[in-house]
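Encoded as structure tokens, the structure appears first; notes follow it.
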Amino acid sequence: MKKLTSGGGWPAIRYTLRKAKEVGGIWKMYQALRTKNACKTCALGMGGQRGGMVNEIGGFPEVCKKSLQAMAADMQGAIKPEFWSTYSIEQLKAFSPYDLEHCGRLVQPVLYERGAEYYRPIDWDEAIGRITKRLKSLPPDETFWYFSGRSSNEAGFLLQLFARLYGTNNVNNCSYYCHQASGVGLTSSIGSGTATVVLEDVEQADLVFVIGGNPPSNHPRLMTTLMHIRQRGGEVIVINPVIETGLVNFRVPSNVRSLLFGTKIATLYVQPDIGGDLALLTGIAKRIDEMGAQDGEFLANVCEGSEQWLEHIRSISWSEIHAKSGVSQSDIDAIAERYAAAKNVVFSWTMGITHHVHGVQNVQAIANLAFMRGMVGRTNAGLLPIRGHSNVQGIGSVGVTPKLKDAIFERLEREYGLTLPTTAGLDTLGCVEAAHEKKLKMGFCLGGNLYGSNPDAKYTAESLSRLESTVFMNTSLNTGHAHGLAKEAIILPVLARDEEPHATTQESMFNYVRLSDGGPRRHEGPRSEVEVIALIAEGVLADSTAIDWQSMQDTGRIRDAIAKVVPGYDKIADIDKTKTEFQLGGRTFHTPKFPTPSGRGVLHQHQLPDLRGGGDQLRLMTVRSEGQFNTVVYEQEDLYRGQDRRDVILLHPDDIARLGLSDDQRVTVRSGTGELRGIRVRPFAEIKPGNSLMYYPEANVLVPRQADGQSKTPAFKGVLVTIDS
Ligand SMILES: Nc1nc2c(c(=O)[nH]1)N[C@H]1C(S)=C(S)[C@@H](COP(=O)(O)OP(=O)(O)OC[C@H]3O[C@@H](n4cnc5c(=O)[nH]c(N)nc54)[C@H](O)[C@@H]3O)O[C@H]1N2
Ligand SMILES: Nc1nc2c(c(=O)[nH]1)N[C@H]1C(S)=C(S)[C@@H](COP(=O)(O)OP(=O)(O)OC[C@H]3O[C@@H](n4cnc5c(=O)[nH]c(N)nc54)[C@H](O)[C@@H]3O)O[C@H]1N2
Ligand SMILES: [Mo]
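This is how it looks when you write it as structure tokens:
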């Protein structure tokens, strides 16, 4: 497959037209996209009350191929009743993620019982009845509750409240596999776990760092902002072991000039080795110090620990930094010079930073660098974790974390007279490990694909199959519905956000709360997430809590509760009447005062980890292709990386020669965790030698369960593999 020389552009437009045709025409697709609902894909956020395709500063049309993919998926036809008696579980296991997604929308509850070969449709009463009976029979701490980030704040809040009143804190969300390291790292540095900036700040910056992310594929709307920065003469520095085509040149489809001629994005592109960021970031700081370009006053007056930190980075040798980052002195100097010259700098990062055993330290090192020149705590500069799912941040804000934030805990007990569990609760990987040890009996999943998103796929299938029961609330089929099934598995079909009978809310990565109006259902059968949760809660807890669970089917009632207990969310109470979307209080930092115990920014010192691998061992990153959304695969090809299939390993031509391999040769890729056979070797000059790339979720067979001790995030990008021909 020919590799493109720019991202976006005509291929993206042609794709849009093709997808529109699939769902019944451009007008139908346009109407679906223009409803007043928050966009379903990434957490950059658009849509809501300004109407679809509009961002929070009014930019229109913000079309993105990804929102189209998600919309087209929800507009699919229904899975027919005979499907369930046609395809056995064994056959479903042989379906690829692509096949499963394209089976259509789930519209009936279905049940699998061990011993049976097939799922069988059951009615809603039976489904809810079985679930409530099971829950009543179990000690609460033998259950766990996993949430993905596509559901609403209302559904997230209600389900976590139910789980706690039922009696467990084993409540967690997909953030544990995503930006948890950002939340933990940022909180340790500035006392707050989310972006310190709003979109307008990024638009006004004159230098933006894009570290460890592939926004042309995963956050296409960010590309418009990066284009604006370049057009105004600003700079974009990319730090990534892979030269991602769209970060070099991107054709923003909504901008005629950019569409025709392309926009150069990166002014400087630096390739560390996988896992080399901590050493590189430390090196940049060291060079800034040598240049005397730090803001000494800011470090002295606004930060704590700066003297010790400066001493520490001065004591680290340049040779150590070069060896552990894989970056040359001239590249480090070039970054430092640009940083020193810039006035307004935003640091953004994604999974290349968090998916490592030192993910939290990576994030702290970014904060250190920002503190160094006073680039956090003022307008047009700051820290920006580029978040994943469209509402993953909101789900976390409203209480979907093992231990509740003190403020939420206290207010829930005070306002509602509730008694909540005080145990630590398990994180996501912790739940999968406890299931393996048979300490858990039941898992309840609000959306997502817990099996597919986990490291060590074989172990995960074993773990989940040791459960007595799993409940999945989903819109479409995925690999988790075929692999690792518990003794009893029930899939409950739910409505997508724009089909909800009641309004719901979502929170963007800029801490902006959007209102989604919902809309007409596309299929008979699926139910609203909050309705299902309220019914189950009523069945289990009607006699033991004072809460009128039935009334909680009305999302307005849930918002009243969120307004009372979640800090910053007070304006949500009457949002469906005022239709006024809002910026969450206390999250944006335009002045240099931070909610840490001392009110100052905290500098953290780090020992630099050795680069792993070497010799026959290659470092492996597991990433997304252009054609997928997490474990859901929409198309087999990866347009910008020039790949026509997914069962490939991308290697630098030098490594192919060094290891005596040849292009397109079939090989076995092995790690300490598992192996994948029949993988094709693909030459990829854009990756730094010594490093390799494979696609998630398939590559999870190879990913060990090694996680960052502080954030519990698995090292999805820090795998070591060997290749056998
Ligand atoms: N279309 C689409 N959009 C999405 C998603 C999707 O699957 N599809 N997923 C959503 C979600 S949940 C998330 S979390 C985000 C994910 O968004 P990204 O973080 O952009 O996604 P990944 O494909 O995991 O890739 C990461 C990038 O990290 C780089 N990388 C790998 N290892 C390292 C390293 O050690 N150091 C550095 N500096 N870079 C490294 C890779 O080369 C790659 O460019 O996107 C969200 N948006
Ligand atoms: N090796 C490797 N593993 C990884 C990663 C990696 O980069 N490499 N990335 C990690 C990251 S960042 C993340 S976030 C996780 C992703 O983890 P998850 O969030 O658990 O997985 P998704 O694939 O996003 O979930 C897809 C499913 O969501 C359901 N869905 C879609 N819309 C809705 C809705 O409105 N309501 C409900 N109830 N369900 C809906 C559909 O049925 C679909 O099958 O994976 C992690 N795993
Ligand atoms: Mo994510």
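So in my numbering the end of the sequence shown lands on 729, straight run, no missing numbers. Built from N, CA and C at the ideal position, the CB exists for glycine as well. Here the structure is a predicted model, which means the values were calculated and not measured.
For G678, the Cβ stays outside the 8 Å cut-off from all heavy atoms of ligand 3.
Around the beta carbon of Q333, fewer than 16 other beta carbons sit within 10 angstroms, so the residue counts as exposed. Proximity annotation: ligand 3 has residues C182, G392 in chain order, each selected because its CB is closer than 5 Å to a heavy atom of the ligand. Under DSSP, S480 shares a beta bridge with R109.
For R518, the enclosing beta strand (DSSP E) stretches over residues 516-520. Looking at the backbone, the Cα of T677 and that of P708 are separated by about 5 Å. Take V361, set aside five residues on each side of it, and the residues of its chain with a beta-carbon closer than 8 Å to its own are P613, Q710, A711, D712, G713, A719, G722, in chain order.
F213 has I241, F351 as its beta-bridge partners, per DSSP. For the pair A344 and A297, the CB atoms are nearer than the 9 Å cut-off. Counting of Cβ neighbours within 10 angstroms places M5 among the exposed residues, the total staying below 16. In this structure, the beta-carbon distance from F375 to G11 does not fall below 9 Å. For the 9 Å CB-CB criterion, F166 and V544 form a contact. The alpha-carbon separation between D502 and G51 amounts to approximately 11 Å. By the 16-neighbour rule on beta-carbons within 10 angstroms, E121 is exposed. Assigned with DSSP and collapsed to three states, V114 falls in strand. With a threshold of 16 other beta carbon atoms within 10 Å, R649 falls short and is exposed.
Taking R342 as the centre and dropping the five residues before and after it, the same chain places the C-beta of L211, E239, I241, L272 closer than 7 Å to its C-beta, in chain order. Sorting S469, F476, I93 by C-alpha distance to the C-alpha of G488 places S469 at the top. In the structure shown, P687 falls within a strand segment according to DSSP collapsed to helix, strand and coil.
In this structure, R236 lies away from S473, with their beta-carbon atoms at least 9 Å apart. Taking V636 as reference, the option from K70, L48, K25 with the minimal CA-CA separation is K70. Annotation for D659: P693 place their beta carbon closer than 6 Å to its own, counting only its chain and skipping 5 residues before and after. One thing to note: I278 has its Cβ within 9 Å of the Cβ of M625.
K32 carries a helical assignment under DSSP once its states are collapsed to helix, strand and coil. Runs of the alpha helix (DSSP H) lying entirely within the region 421-495 and spanning at least 4 residues, in chain order: 432-440, 454-457, 461-469. Sequence-distant partners of P459 (beyond 5 residues in either direction) whose C-beta falls short of 7 Å from its own C-beta, in its chain, are N704, V707, P708, R709, P718, F720. Distances from the CA of A74 to each of T592, T426, C46, T90 were compared; the closest alpha carbon is that of C46.
If you ignore the 5 residues before and after G617, its C-beta comes within less than 7 Å of the C-beta of R623, G694, L724, all in its own chain and listed in chain order. Short of 7 Å from the beta carbon of F514, and not among the five residues preceding or following it, lie these beta carbons of its own chain, in chain order: G49, E60, A199, V202, L203.
Relative to ligand 2, P701 has its C-beta within less than 8 Å of a heavy atom. CA-to-CA, the gap between K575 and W149 works out to about 28 Å. The Cβ atoms of R645 and K140 lie no closer than 9 Å to each other.
Note on the region 589-660: whole beta strand (DSSP E) runs with a minimum of 3 residues are 622-627, 652-655, in chain order. For S221, the closest of L115, K716, N634 by C-alpha to C-alpha distance is N634. R118 is classed as exposed because its beta carbon has fewer than 16 other beta carbons within 10 Å across all chains shown. Pairing R225 with D205, the inter-Cα distance amounts to about 15 Å.
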